[in-house]
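In our numbering, each number is its position in the sequence shown, counted from 1, plus 417.
Built from N, CA and C at the ideal position, the CB exists for glycine as well.
All values derive from a computational prediction rather than experimental measurement.
Here's the structure, in structure tokens; my notes come after.
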Amino acid sequence: MPGSWIMNRTSAVTRLKLTGFRNYAWLDLALDARPVCLFGPNGAGKTNLVEAVSFLGPGRGLRAAGSDAVRQRGAGGEAPVWAVHAEAETAHGPVTLATGADPDNPARRKTRLEGVATTQTQLARLFPMIWLTPREDRLWAGPRSDRLRFFDRLVLAGEPGHGTQANAYDKAMRERQRLLERMDEGLSVDLSWLDALEAKMAEAGTAMARARLVALNALQSEINDRPASAFPKADLALSGYLEGLLVEDEGAAQTRFAARLKDTRRKDGAAGRALTGPHRTELEARHREKDQVAADCSTGEQKALLLGLALAHGAALARERGAAPVMIFDEACAHLDVDRREGLASAIAAIGCQAWLTGVEKGLFEAFGEGVQYVSVEAGQAVRG
Ligand SMILES: Nc1ncnc2c1ncn2[C@@H]1O[C@H](COP(=O)(O)OP(=O)(O)OP(=O)(O)O)[C@@H](O)[C@H]1O
Ligand SMILES: [Mg+2]
418 MPGSWIMNRT SAVTRLKLTG FRNYAWLDLA LDARPVCLFG PNGAGKTNLV
468 EAVSFLGPGR GLRAAGSDAV RQRGAGGEAP VWAVHAEAET AHGPVTLATG
518 ADPDNPARRK TRLEGVATTQ TQLARLFPMI WLTPREDRLW AGPRSDRLRF
568 FDRLVLAGEP GHGTQANAYD KAMRERQRLL ERMDEGLSVD LSWLDALEAK
618 MAEAGTAMAR ARLVALNALQ SEINDRPASA FPKADLALSG YLEGLLVEDE
668 GAAQTRFAAR LKDTRRKDGA AGRALTGPHR TELEARHREK DQVAADCSTG
718 EQKALLLGLA LAHGAALARE RGAAPVMIFD EACAHLDVDR REGLASAIAA
768 IGCQAWLTGV EKGLFEAFGE GVQYVSVEAG QAVRG
């Protein structure tokens, strides 16, 4: 049965333990693989709890917080260190994962899989993760870099190596910039080192752009194939120098990008940043039915487009890669009418993922019926109920 096959391959947190994490002094929550609906008043700790879940995936979580920001402090109590422990089902079998402040250097976060230090790529493989929070509400009308970061997270959920390539690219780009600034000041630089950095940028950048195009095509065909639903269909496009080169001439893209970097050393040095490359790519979206760019759509339409996109991506990953991501929807239901809440519930059920949803009232999740588990959150405590 296809449904149960997807369920077996889905990443799901089955036990979550928090110590000194934000407003949680201590929490031990046992769960099953079904979606989790968290409800409770403002300031109870719902977003903090899903943030802890987002810490199980690669990166810095859904608030992009540093290690010290999440340590419990304030009137509720002070914790010297913090930790998130999880038992989870993954596409690669059951695992235990622990992340927390490094006791030797609490400003740093340390993550261990089965007690052994792990890598971002390994986390991305075990915990493909997609989240939508109120922060993403302004995604279409906000800065280009936020859209690209959002899209890169979608890419990472399907291609665990994407983050490593992006880090390698950024590192080489920063180092190149340092050398270009030295050149600009008339200081001597090792030109062979500069060539090597540009070769690295070209190699990692091409891999990044390729992964983005693969993800975009998979996502677009999923959107195209989906039946009409409460969430509008988007037409997506990536406009970037390297993505354009890849479409034009896959084989020569890397070499041409390296040559371009060499040609633009002076300009990039003077500008203080690399003016060309996959860090400058733009994700464009149009509301198909309205034939309007996403940024010009109403607030509700923009949000529905984004939800449609996230759900299509989750469905594509579940179907094509056989591993549904953990999907976090912080405060998604509050702004949806009944039809859209039902649409969200049935899309999540069809993906078969462990979605995490938050809302101020249990009643917001009525459309989810019996297929979910409820957690009541209040003042840094969370219990099944
Ligand atoms: N490092 C920290 N230590 C202690 N408390 C913190 C820390 N960071 C945030 N908090 C507090 O945790 C509380 C819960 O925050 P959270 O964002 O999880 O609330 P919420 O349940 O999502 O509320 P809302 O419905 O308003 O979104 C807030 O009062 C917040 O100030
Ligand atoms: Mg919240």
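TODO: Name the two residues that bound the continuous beta strand (DSSP E) containing residue 771.
DONE: On the sequence shown, residue 771 is found 354 positions in, with the first residue counted as 1. Premise fails: residue 771 is in no beta strand (DSSP E) and is neither H nor E.
TODO: Give, in chain order, every unbroken run of the alpha helix (DSSP H) that is at least 4 residues long and sits entirely within the stretch 595-643.
DONE: Counting whole runs of 4 or more residues, the stretch 595-643 contains the alpha helix (DSSP H) stretches 608-642.
- [ ] Can you tell me the Cβ-Cβ gap for residue 504 and residue 426, rounded? I've got them flagged as a contact below 8 Å.
- [x] Locating residue 504 in the sequence shown gives position 87, counting from the first residue. Locating residue 426 in the sequence shown gives position 9, counting from the first residue. Not really, about 17 Å apart at Cβ, beyond 8 Å.
Open item on the list: Going by DSSP, what residue range makes up the beta strand (DSSP E) through residue 699?
Closed with: Working through the sequence shown from its first residue, we reach residue 699 at position 282. Start and end: 699-704.
Task: Beta-carbon proximity of residue 654 to residue 718, cut-off 7 Å - done: Stepping through the sequence shown from its first residue, residue 654 is reached at position 237. Stepping through the sequence shown from its first residue, residue 718 is reached at position 301. Contact flag unset, no.
TODO: For residue 511, write down the residues that DSSP places opposite it in a beta bridge.
DONE: Start at 1 with the first residue of the sequence shown, and residue 511 comes out as number 94. The partner list for residue 511 (beta bridge, DSSP) reads 506.
- [ ] May I have a chain-ordered list of the beta strand (DSSP E) segments no shorter than 3 residues that lie completely inside the stretch 433-493?
- [x] 441-447 and 453-456
Open item on the list: Tell me whether residue 477, by its Cβ, gets closer than 6 Å to a heavy atom of ligand 1.
Closed with: One-based indexing of the sequence shown puts residue 477 at position 60. Incorrect: residue 477 has no Cβ contact closer than 6 Å to ligand 1.
Open item on the list: Counting C-beta neighbours from all protein chains within 10 Å, is the total for residue 533 16 or more, i.e. buried, or is it exposed?
Closed with: Along the sequence shown, one-based indexing puts residue 533 at 116. With fewer than 16 Cβ atoms within 10 Å of its Cβ, residue 533 is classed as exposed.
Open item on the list: Strictly closer than 5 Å from CB to any heavy atom of ligand 1: give me those residues in the order they appear in the chain.
Closed with: 439, 440, 459, 460, 461, 462, 463, 464, 465, 489, 490 and 491
- [ ] Give me the Cβ distance between residue 577 and residue 734, rounded to the nearest whole Å; I'm assuming they're in contact under 8 Å.
- [x] Taking the first residue of the sequence shown as position 1, residue 577 is located at position 160. Taking the first residue of the sequence shown as position 1, residue 734 is located at position 317. Not a contact, Cβ separation roughly 12 Å.
TODO: Look at the alpha carbon of residue 428 and the alpha carbon of residue 476, and state the distance between them as a whole number of angstroms.
DONE: The count along the sequence shown starts at 1 and reaches residue 428 at position 11. The count along the sequence shown starts at 1 and reaches residue 476 at position 59. One C-alpha to the other measures close to 17 Å.
Task: Exposure of residue 764, with buried meaning 16 or more beta-carbon neighbours within 10 Å - done: On the sequence shown, position 347 is the one that residue 764 refers to. When all chains shown are included, residue 764 counts as buried.
Task: Contact under 7 Å by Cβ, residue 785 with residue 762 - done: Against the sequence shown, residue 785 aligns to sequence position 368. Against the sequence shown, residue 762 aligns to sequence position 345. Yes, the Cβ-Cβ distance between residue 785 and residue 762 is below 7 Å.
Task: Element boundaries [alpha helix (DSSP H), containing residue 570] - done: Counting from 1 along the sequence shown, the entry for residue 570 is found at position 153. It spans 561-575 - the alpha helix (DSSP H) in which residue 570 sits, taken as one unbroken run.
- [ ] Taking all protein chains shown into account, decide if residue 709 is buried (16 or more other Cβ within 10 angstroms of its Cβ) or exposed.
- [x] The count along the sequence shown starts at 1 and reaches residue 709 at position 292. That one is exposed.
Task: Assigned secondary structure, residue 427 (DSSP; H/G/I helix, E/B strand, else coil) - done: The residue labelled residue 427 in the question sits at position 10 within the sequence shown. The answer is coil: DSSP assigns residue 427 none of H, G, I, E or B.
Open item on the list: Please state the DSSP three-state secondary structure of residue 803.
Closed with: Nothing can be reported for residue 803, as the shown portion of the chain is limited to 418 through 802.
Open item on the list: When you compare the CB positions of residue 783 and residue 461, do they come within less than 7 Å of one another, or not?
Closed with: Position 366 of the sequence shown, counted from the start, is the residue given in the question as residue 783. Position 44 of the sequence shown, counted from the start, is the residue given in the question as residue 461. Contact flag unset, no.
- [ ] Return yes when the Cβ of residue 579 is within less than 7 Å of the Cβ of residue 621, no when it is not.
- [x] Your numbering for residue 621 matches position 204 in the sequence shown. Your numbering for residue 579 matches position 162 in the sequence shown. Not closer than 7 Å, so no.
Task: Nonlocal neighbours in the same chain, by C-beta distance under 6 Å from residue 624, ignoring five residues either side - done: To locate residue 624, count along the sequence shown from 1; it is residue 207. Hits under 6 Å: 582.
- [ ] Have a look at residue 791 and residue 590 and give me their C-alpha separation to the nearest angstrom.
- [x] In the sequence shown, residue 791 corresponds to position 374, counting from 1. In the sequence shown, residue 590 corresponds to position 173, counting from 1. C-alpha separation (whole angstroms): 46 Å.
TODO: Give the straight-line distance between the Cα atoms of residue 600 and residue 612, rounded to the nearest whole angstrom.
DONE: Locating residue 600 in the sequence shown gives position 183, where the first residue counts as 1. Locating residue 612 in the sequence shown gives position 195, where the first residue counts as 1. Each residue's alpha carbon lies about 14 Å from the other.
Open item on the list: Rounded to the nearest angstrom, what separates residue 561 and residue 698 at their Cα positions?
Closed with: To locate residue 561, count along the sequence shown from 1; it is residue 144. To locate residue 698, count along the sequence shown from 1; it is residue 281. For residue 561 and residue 698, the distance between alpha carbons rounds to 8 Å.
Open item on the list: For residue 706, tell me which candidate among 468, 641 and 746 has the shortest Cα-Cα distance.
Closed with: For this step, residue 706 is matched to residue 289 along the sequence shown. Considering only alpha carbons, the answer is 641.
TODO: Output the boundary residues of the alpha helix (DSSP H) element that contains residue 673.
DONE: Walking along the sequence shown from the start, residue 673 turns up at place 256. Segment 670-680, the alpha helix (DSSP H) holding residue 673.
Task: Contacting residues, own chain, Cβ-Cβ under 6 Å from residue 557 (five flanking each side not counted) - done: Indexing the sequence shown from 1 puts residue 557 at position 140. Correct list, in chain order: 711, 712 and 719.
- [ ] Look at residue 649 and residue 721 and say whether their C-beta atoms are less than 7 Å apart.
- [x] If you number the sequence shown from 1, residue 649 lands on position 232. If you number the sequence shown from 1, residue 721 lands on position 304. For residue 649 and residue 721, yes; Cβs fall inside 7 Å.
Open item on the list: Shorter than 6 Å, the distance from the beta carbon of residue 678 to the closest heavy atom of ligand 3, or not?
Closed with: This structure simply doesn't include ligand 3; it includes ligand 1 and ligand 2 instead.
Open item on the list: So, with DSSP's three-state summary, where would you put residue 694?
Closed with: Here residue 694 is taken as the residue at index 277 of the sequence shown, counted from 1. Three-state result, residue 694: coil.
Open item on the list: What does the alpha-carbon distance come out to for the pair residue 797 and residue 484?
Closed with: Against the sequence shown, residue 797 aligns to sequence position 380. Against the sequence shown, residue 484 aligns to sequence position 67. Rounded to whole angstroms, residue 797 to residue 484 spans 19 Å at the Cα level.
Task: Where residue 420 falls, given that 16 or more other Cβ within 10 Å makes a residue buried - done: Position 3 of the sequence shown, counted from the start, is the residue given in the question as residue 420. Interpretation of residue 420 is limited by its pLDDT of 39, a score under 50 that renders its predicted location unreliable; the figure taken from the coordinates is listed afterwards. Exposed: under 16 other Cβ atoms inside 10 Å.
TODO: Tell me whether residue 729 sits in a helix, a strand or coil according to DSSP, three-state version.
DONE: Numbered from 1 along the sequence shown, position 312 holds the residue referred to as residue 729. Here residue 729 sits in helix by DSSP.
Open item on the list: Considering Cα atoms alone, identify which of 472, 450, 469 and 441 is closest to residue 495.
Closed with: Here residue 495 corresponds to residue number 78 of the sequence shown, with the count starting at 1. Answer by Cα proximity: 441.
- [ ] Output yes or no for whether 7 Å exceeds the beta carbon distance between residue 518 and residue 501.
- [x] Reading the sequence shown from its first residue, position 101 is the one you call residue 518. Reading the sequence shown from its first residue, position 84 is the one you call residue 501. Result no, Cβ atoms of residue 518 and residue 501 do not sit closer than 7 Å.
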